[in-house]
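Enquirer: Residue numbers (the working numbering): 493 to 721. Next up is a structure, given as structure tokens.
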């Protein structure tokens, strides 16, 4: 243990460890797309009428399920079960894309909008991840501001479940796009600078950034570019 500690304190060794975490995170992130896509196909064939009739209860059930699985990922992050829990989480997350994908696919250009949202998410992710990796700038200073913004965003989203104000929904989606884009910078920077050394947790963080970015981009595209019958 003493020898390992001495090795890890050497700059070259630290850099190798950080690069390995980043590489494993990107590989795992690519792998999580498989259960997400499978879950999304399952979600588009499920009847979510209960959630439409009881939006508050539906939102709470989704939130509870996601939080339980995230807790499992965190609890087992240092074992192979953490990987299994992460893949299970992404499968369920894909299923929960069902309602918004069903709405999108009922639009004339729904498939195109889904593709645009996915493409836009990919461009934003790779651009910001490249900036955080290549520039080597430490974006950890953003952490507190992003956390406060995320809490306010959650509060506003919960409030809008009751009020159902379209303008507020669009504002929330626009702010969410900015917050989760900034979180990509922050989370990749954490890996690059050794703030996050567990690739399972790093993958979970980036996955949530990408997931929420895609959902909110799609909501904005449907609102402004959706072609209804």
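In this text, a Cβ means the ideal position worked out from N, Cα and C, and glycines have one as well.
Consult DSSP for residue 656 and reduce its assignment to one of helix, strand or coil.
Expert: coil
Enquirer: Three Cβ pairs or more, each shorter than 8 Å: is that satisfied between the segment 606-613 and the segment 628-648?
Expert: no
Enquirer: Residues in the same chain with beta-carbon distance under 7 Å from residue 557, minus the five sequence neighbours each way, listed in chain order, please.
Expert: 584
Enquirer: Excluding sequence positions up to five away, which residues of its chain have a Cβ less than 7 Å from the Cβ of residue 699?
Expert: 521, 524 and 582
Enquirer: Check residue 600 in the structure and name its three-state DSSP category.
Expert: coil
Enquirer: Is it buried or exposed for residue 577, if we count other Cβ within 10 angstroms and need 16 for buried?
Expert: Looking at its Cβ environment, which holds 16 or more other Cβ atoms inside 10 Å, residue 577 is buried.
Enquirer: Based on Cα-Cα distance, which residue from 551, 518 and 626 lies nearest to residue 692?
Expert: 518
Enquirer: Can you tell me where the alpha helix (DSSP H) holding residue 575 begins and where it ends?
Expert: 572-587
Enquirer: Ignore the nearest five residues each way along the sequence and tell me which others in residue 703's own chain have a CB closer than 7 Å to its CB.
Expert: 585
Enquirer: Please report the distance separating the alpha-carbon of residue 543 from that of residue 650.
Expert: 15 Å
Enquirer: Are at least three pairs of beta-carbons, each pair with one atom in the segment 676-693 and one in the segment 585-599, less than 8 Å apart?
Expert: Output reads no: the segment 585-599 does not touch the segment 676-693.
Enquirer: Just how far apart, CA to CA, sit residue 648 and residue 654?
Expert: 10 Å
Enquirer: At 3 residues or longer, what runs of the beta strand (DSSP E) sit wholly inside the segment 611-640?
Expert: None, since the segment 611-640 contains no complete beta strand (DSSP E) of that length.
Enquirer: Using three-state DSSP, classify residue 515 as helix, strand or coil.
Expert: helix
Enquirer: Tell me whether residue 689 sits in a helix, a strand or coil according to DSSP, three-state version.
Expert: coil
Enquirer: Name the residue from 514, 602 and 706 whose alpha carbon lies nearest to the alpha carbon of residue 695.
Expert: 514
Enquirer: Work out the CA separation of residue 569 and residue 508 for me, nearest whole Å.
Expert: 21 Å
Enquirer: With DSSP run on the structure shown, which of helix, strand or coil describes residue 718?
Expert: DSSP, reduced to helix, strand and coil, places residue 718 outside both helices and strands of the structure shown, so it counts as coil.
Enquirer: Give the DSSP-derived three-state secondary structure of residue 569 in the structure shown.
Expert: coil
Enquirer: Less than 8 Å between the C-beta atoms of residue 664 and residue 652, yes or no?
Expert: yes
Enquirer: Take residue 687 and list the residues in its own chain whose beta-carbon comes closer than 8 Å to its own, dropping the five residues that flank it on each side.
Expert: 632 and 681
Enquirer: Return the CA-CA distance between residue 627 and residue 575, expressed in angstroms with no decimal places.
Expert: In this model, residue 627 and residue 575 are separated by some 30 Å (Cα to Cα).
Enquirer: Looking only at its own chain, which residues have a Cβ that is under 7 Å from the Cβ of residue 713, when we skip the five neighbours before and after it?
Expert: 605, 608 and 609
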